[in-house]
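Here this note's numbering runs 102 ahead of the position in the sequence shown, where the first position is 1. Here a beta-carbon is modelled for each residue, glycine too, at the ideal position from N, C-alpha and C. Here is the structure we will look at.
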Amino acid sequence: MSKALEGVKILDFTHVQSGPTCTQLLAWFGADVIKVERPGAGDATRGQLQDVPDVDSLYFTMLNHNKRSITLDSKNPRGKDVLWRLVKECDVLVENFAPGALARMGLTWEKIQEANPRMILASVKGFGPGRYEDCKVYENVAQCAGGSASTTGFRDGIPMVTGAQIGDSGTGLHLALGIVTALFHRTQTGLGQKVDCAMQDGVLNLCRVKLRDQQRLDHGPLKEYSQFGEGVPFGDATPRAGNDSGGGQPGRILKCKGWEHDPNAYLYFITQGAVWEPICDIIGEPGWKTDPAYATPKARLPHLNEIFTRIEAWTMKHDKFAAMDILNAYDIPCGPILSMKEIAADESLRKSGTIVEVDHPTRGKYLTVGNPIKLSASPSEVTRSPLLGEHTDEILRDVLRYTEDEIAEISGSGAIGTVQKIAAE
Ligand code: COA
């Protein structure tokens, strides 16, 4: 079966997380992703958060599956030649260096277009044009500047970042969509274009409901927020709303049986209007079905704290999975709070290829997250990340068509360094 992006060559000049998530996705869809790394060092994440000494970290391996690695010193004159040959050969150049770094290597958009008019240049930066455009940015900075931190956490606590990497992986996803869109556009125009994604913009795109609420505030209190029921006045900016649902159907995280000793014995419970009657029956409040103070979603808004306290008295009698089974039978939307340990062991996630076990020559077996996007005619198979420079010779020979003598000469120039040897495979 052919892959959706078979034949597309990606010059992957990415590092850390945001860029690599993008190119990993493209690789899963079948693109030939050629990761260019600095000789001797490579992507900094190879050595960060290492759990096994001298072995590529999980941070690196889990973001760089299905890629090939070539080492190339982009500041060495011979390395530059090779880089330009890659630019001419590839369809897309993806990078997430600090602002200005690519241009300092001589790779300006004008020169790239001149060398290869079909080339798509895709970049992640922390900020778009404006006062912060020259800043270096990591995940949590983007979460803070994109509106996520100010709206996450509890009202009486400090702003919070979330564990979901919406700045890095989120922007990587946005960039991948930009790239395939530009590839589609190229089928009509024959020309490449620039694709820019700023992490601040990506985070804000994912936080749009909070900008919605900012504007609703001009017309009165946000009645689905807990603080409305508690009689706490709203300020002039969208507040932190704890675990309140961000949508029109009120929801909360509720304790389940065992919460005293299990930090994840909780269930997210949504009081969807359509299933209010079965909710009342299940929690033992049948009178609330007809009581005018509880019978309609609007009437319930000032009583949400009381309602959820009552529902929690019921959920605390059941473990989260049993509660879910009972509620699902009535189509009541709810979900268990799953720990990473539970997710790692989840049989359905393994069967669907969302959790995958991968074998690595120096690390051995480990778990990773497979492609969350499932294409029926182009299924993803997760293969291990490359060792540093593992495919240098192969790329020089097969992709760039250098002769053996030329490869020896490039090697002698110091442009590719020494490649990591595979100890056992
Ligand atoms: N050969 C030679 N030099 C290389 C190289 C290679 N193969 N690959 C990279 N380099 C050099 C670059 O030329 C640059 O050098 P210069 O500053 O002298 O021009 C340097 O390595 C890398 O630069 P930089 O991107 O500044 O790395 P950093 O570790 O200092 O900063 C980030 C890391 C993530 C903060 C920064 O890259 C950034 O802000 N990126 C954009 C936003 C982003 O993606 N952030 C999220 C990361 S998950």
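- Following the DSSP letters along the chain, one finds T505 in no alpha helix (DSSP H), marked with neither H nor E.
- In this structure, the beta-carbon distance from I434 to I381 falls below 9 angstroms.
- Sixteen is the threshold: since fewer than 16 other Cβ atoms of the shown chains lie within 10 Å of the Cβ of H321, the residue is exposed.
- According to DSSP, A300 shares a beta bridge with K227.
- S225 sits away from L308, with the two beta carbons spaced by 9 angstroms or more.
- Sequence-distant partners of A284 (beyond 5 residues in either direction) whose C-beta falls short of 6 angstroms from its own C-beta, in its chain, are I222, Q295 and V297.
- Counting along the chain, E197 sits inside the beta strand (DSSP E) bounded by residues V194 to E197.
- With respect to R452, E459 sits close: the two C-beta atoms are nearer than 9 angstroms.
- Between the ligand COA and the CB of G337, the shortest heavy atom gap is not smaller than 8 angstroms.
- Membership of R354 in the beta strand (DSSP E) is indicated by the continuous run G353 to K357.
- Under the DSSP assignment, F131 falls outside any beta strand (DSSP E); it carries neither an H nor an E label.
- Distances between the C-beta of H167 and the heavy atoms of the ligand COA are all 8 angstroms or more.
- Ranking L440, Y432, P481 and C436 by CA distance to the CA of S454 puts P481 first.
- Rounded to the nearest angstrom, the gap between the Cα atoms of T210 and A300 is 18 angstroms.
- Around the CB of H276, 16 or more other CB atoms lie within 10 Å, so the residue is classed as buried.
- The Cβ-Cβ distance between G228 and K238 falls below 9 angstroms.
- Excluding residues up to 5 positions away in sequence, L403 lie with their Cβ nearer than 6 angstroms to the Cβ of K325 in the same chain.
- If you draw a 10 Å sphere on the C-beta of L165, you find 16 or more other C-beta atoms in it, and that means buried.
- If you compare the alpha carbons of D258, D303 and L498 with that of E191, the shortest gap goes to L498.
- Between G144 and the set D114, T485 and D421, the nearest pair of CA atoms involves D114.
- Annotation note: the region 224–297 contains no uninterrupted beta strand (DSSP E) run of length 3 or greater.
- Nearest to Y240 by C-alpha distance, out of G269, P488, L306 and P231, is G269.
- Residue L356 holds the alpha-carbon nearest to the alpha-carbon of A415 among G272, L356, S513 and V189.
- A distance below 9 angstroms separates the beta carbons of G230 and Q302.
- If only complete runs of 4 or more residues are kept, the region 305–383 shows the alpha helix (DSSP H) at 310–318 and 328–331, in order along the chain.
- Not one heavy atom of the ligand COA falls within 8 angstroms of the beta-carbon of P179.
- In this structure, G360 sits near D421, with a CB-CB distance shorter than 9 angstroms.
- A straight line joining the alpha-carbon of Q329 with that of I409 spans about 14 angstroms.
- Between the C-alpha atoms of F162 and F131 there is a straight-line separation of about 19 angstroms.
- With a threshold of 8 angstroms, the Cβ atom of D270 counts as near the ligand COA, since some heavy atom of the ligand is closer than that.
- For the set I384, I385, E379 and K400, the Cα lying nearest the Cα of T392 is the one of E379.
- Counting the other Cβ atoms within 10 Å of the Cβ of M442 gives fewer than 16, which makes it exposed.
- Looking at the DSSP output, P438 sits in a beta bridge with L369.
- Residue range K169 to T173 is occupied by the beta strand (DSSP E) that includes K169, with no alpha helix (DSSP H) assigned at that position.
- Check the Cα spacing between L128 and each of I214, G232, V282 and T273: the tightest is with V282.
- With respect to A343, I439 sits apart: the two C-beta atoms are not nearer than 9 angstroms.
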